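Below is one structure, written out as structure tokens; comments come after it.
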Amino acid sequence: MSKMSSLQIKQVGPGFVGEVSGLDISKPLTPVDVAAISAGMDAQAVLVFRGQNLTNDQQLAFTNALGHLEDVVATSLRAADDNRLPAVFADVSNLDKDNKTFALDDRRRLFAIGNRLWHSDSSFKVIPARYSLLYSHSVTSRGGNTEFANMRMAYDAFDQETKDLVEDLVCEHSQIFSRQKLGFTDFSPEERERFKPVLQRLVRTHPSTGKKSIYLSSHAGTILDWPTPEARALLLDLIEHATQREFTYAHQWQVGDLVMWDNQQTMHRSRPYPHNEARDMRRTTLAGAAPTVDQQSA
Ligand code: OGA
Ligand code: MN
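Whatever position you read off the sequence shown (first residue = 1), add 43 for our numbering.
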């Protein structure tokens, strides 16, 4: 007997964000639910699940039901013994391991301000992220929206000359580049080694929809065989184009929201919020299937 999923998806915003209702994601998903969510992600790119109530384990179980978690590698400036959350989580909060907000000049806080630049998660990894799932345990009194920009819509809106120009370009991505843009440069030799650049195509084809999108991220710092200033100027122009209002959506957080986005066809950024208020956000991340480019082509 075939069974329909109880979930419903209502489109909000400029045509790539769906609000999901009729599903308690703290409970195990049926294969029908999984299929409906996957189809929803392909049709939309961002899905919002409001009014959820998740423990860490439940968030992990939901994430695991949808794909393969990224390998655990240290990508922040938090030392291993400094983690507030299990290592499979990206701690997107402004909290130390005692749940105290970071001081204004805390290095971990300053590094995390990199999230205010438009980016795609883990574009600095050889195999970049597929979906990110960010769940809110607390929100601030104001600010702190997360904004999304659709890279497929942005690509489609390029003129033919731009499409031809970017088609075969390959960029180097590193967290050092994104932080450099903010004037954050005090990396230790160990961090510089850990954050060394990887290659990503500038145009990618979505593995399930077959649609092309521009693969931008503030972690991109150079284009292979281009002079760096020219590369950066082009990347800035492309980001400006891709983040026009008509391609973007702002999510205003409530406690209990889980937002899932497809890094293969979107960028996102956080907006500022009062630094002395707790913003407890926890991210789980699914890995992509493969590198976007052979890393030896450098
Ligand atoms: C992330 C991220 C933005 C935010 O979780 O990957 O960039 O608003 N978050 O916290
Ligand atoms: Mn991010």
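All C-beta atoms, glycine included, are put in the ideal place defined by N, C-alpha and C. Keep in mind the model is a prediction, meaning the values are calculated, not measured.
Checklist line | tryptophan 161 versus histidine 216 - alpha carbon distance | finding: Residue mapping note: residue 161 aligns to position 118 of the sequence shown, counting from 1. Residue mapping note: residue 216 aligns to position 173 of the sequence shown, counting from 1. Going by the C-alpha atoms only, they are around 13 Å apart.
Item checked: Where alanine 341 falls: helix, strand or coil (DSSP) -> As a position in the sequence shown, residue 341 is number 298, starting the count at 1. Note that alanine 341 has pLDDT 49, beneath the 50 cutoff, so the model's placement of it is unreliable and the number below is only indicative. Here alanine 341 sits in coil by DSSP.
Notebook entry, point to check: Is any heavy atom of the ligand MN found at a distance shorter than 7 Å from the C-beta of aspartate 300?
Noted result: As a first step, residue 300 is located in the sequence shown; it is residue number 257 there, counting from the start. Answer for aspartate 300: no, Cβ out of range of the ligand MN.
Check: Which word fits proline 171, buried or exposed, when buried means at least 16 other C-beta atoms lie within 10 angstroms of its C-beta?
Finding: In the sequence shown, residue 171 corresponds to position 128, counting from 1. Buried, by the Cβ-count rule.
Check: How many angstroms separate the CA atom of aspartate 149 from the CA atom of asparagine 107?
Finding: Taking the sequence shown and counting its residues from 1, one reaches residue 149 at position 106. Taking the sequence shown and counting its residues from 1, one reaches residue 107 at position 64. Their backbone Cα atoms lie some 33 Å apart in a straight line.
Check: Quick one: does the C-beta of histidine 311 sit closer than 7 Å to a heavy atom of the ligand MN?
Finding: Here residue 311 corresponds to residue number 268 of the sequence shown, with the count starting at 1. Yes, Cβ of histidine 311 sits closer than 7 Å to a heavy atom of the ligand MN.
Check: Should asparagine 319 go down as buried or exposed, given a rule of 16 or more other Cβ atoms within 10 Å for buried?
Finding: The residue given as residue 319 occupies position 276 in the sequence shown. Exposed is the call here.
Next item on the list: Report yes or no: do the region 274-287 and the region 191-211 share at least 3 C-beta pairs separated by less than 8 Å?
Entry: yes
Next item on the list: Examine the Cβ distances between the region 174-186 and the region 324-334 and report whether three or more of them are shorter than 8 Å.
Entry: yes
Notebook entry, point to check: Between the C-alpha atoms of methionine 44 and alanine 133, what's the straight-line distance to the nearest angstrom?
Noted result: Here the question's residue 44 lines up with position 1 in the sequence shown. Here the question's residue 133 lines up with position 90 in the sequence shown. Note that methionine 44 has pLDDT 44, beneath the 50 cutoff, so the model's placement of it is unreliable and no number is given.
Notebook entry, point to check: Which term fits glutamate 204, buried or exposed, when burial requires 16 or more other beta carbons within 10 angstroms of its beta carbon?
Noted result: The sequence position of residue 204 within the sequence shown is 161, counting from 1. Per the 10 Å Cβ criterion, exposed.
Notebook entry, point to check: What's the call for alanine 263, buried or exposed, on a 16-neighbour Cβ count within 10 Å?
Noted result: Residue numbering aside, residue 263 sits at position 220 when the sequence shown is read from its first letter. Per the 10 Å Cβ criterion, buried.
Next item on the list: Tell me whether the beta-carbon of proline 129 lies closer than 8 Å to the beta-carbon of glutamate 289.
Entry: Taking the sequence shown and counting its residues from 1, the one referred to as residue 129 is at position 86. Taking the sequence shown and counting its residues from 1, the one referred to as residue 289 is at position 246. No, these two residues do not count as a Cβ contact at 8 Å.
Checklist line | Residues of its chain near valine 298, where Cβ-Cβ distance is below 7 Å and the 5 sequence neighbours each way are ignored | finding: As a working mapping, residue 298 is identified with position 255 in the sequence shown. Within the same chain, valine 298 has close Cβ partners Ser179, His180, Ser181, Val182.
Next item on the list: Look up tyrosine 174 in the DSSP assignment and say whether it is helix, strand or coil.
Entry: In the sequence shown, the residue the question calls residue 174 occupies position 131. Tyrosine 174: strand per DSSP, three-state reduction.
Next item on the list: Any chance you could list the alpha helix (DSSP H) runs of at least 4 consecutive residues sitting entirely within the region 239-319, in chain order?
Entry: 271-285
Notebook entry, point to check: Is the beta carbon of phenylalanine 167 less than 8 Å from the beta carbon of serine 119?
Noted result: Residue mapping note: residue 167 aligns to position 124 of the sequence shown, counting from 1. Residue mapping note: residue 119 aligns to position 76 of the sequence shown, counting from 1. Against a cut-off of 8 Å, the Cβ pair of serine 119 and phenylalanine 167 comes out as no contact.
Next item on the list: Can you have a look at methionine 47 and say buried or exposed, based on whether 16 or more other CB atoms are within 10 angstroms of its CB?
Entry: Locating residue 47 in the sequence shown gives position 4, where the first residue counts as 1. It is exposed - the Cβ of methionine 47 has fewer than 16 other Cβ atoms within 10 Å.
Check: leucine 109 lies in the beta strand (DSSP E); which residues open and close that run?
Finding: Here the question's residue 109 lines up with position 66 in the sequence shown. Not the beta strand (DSSP E): leucine 109 falls in the alpha helix (DSSP H), residues 99-109.
Check: Quick one, which of Ser163, Leu267, Ala146, Lys70 has its alpha-carbon nearest tyrosine 258's?
Finding: Sequence index remark: in the sequence shown, residue 258 carries index 215 (1-based). Ranking the options by Cα distance to tyrosine 258, first place goes to Ser163.
Next item on the list: Check whether the Cβ of histidine 349 lies closer than 7 Å to any heavy atom of the ligand MN, and answer yes or no.
Entry: Given that the chain is displayed from residue 44 to residue 341, the structure contains no residue 349 and the question cannot be resolved.
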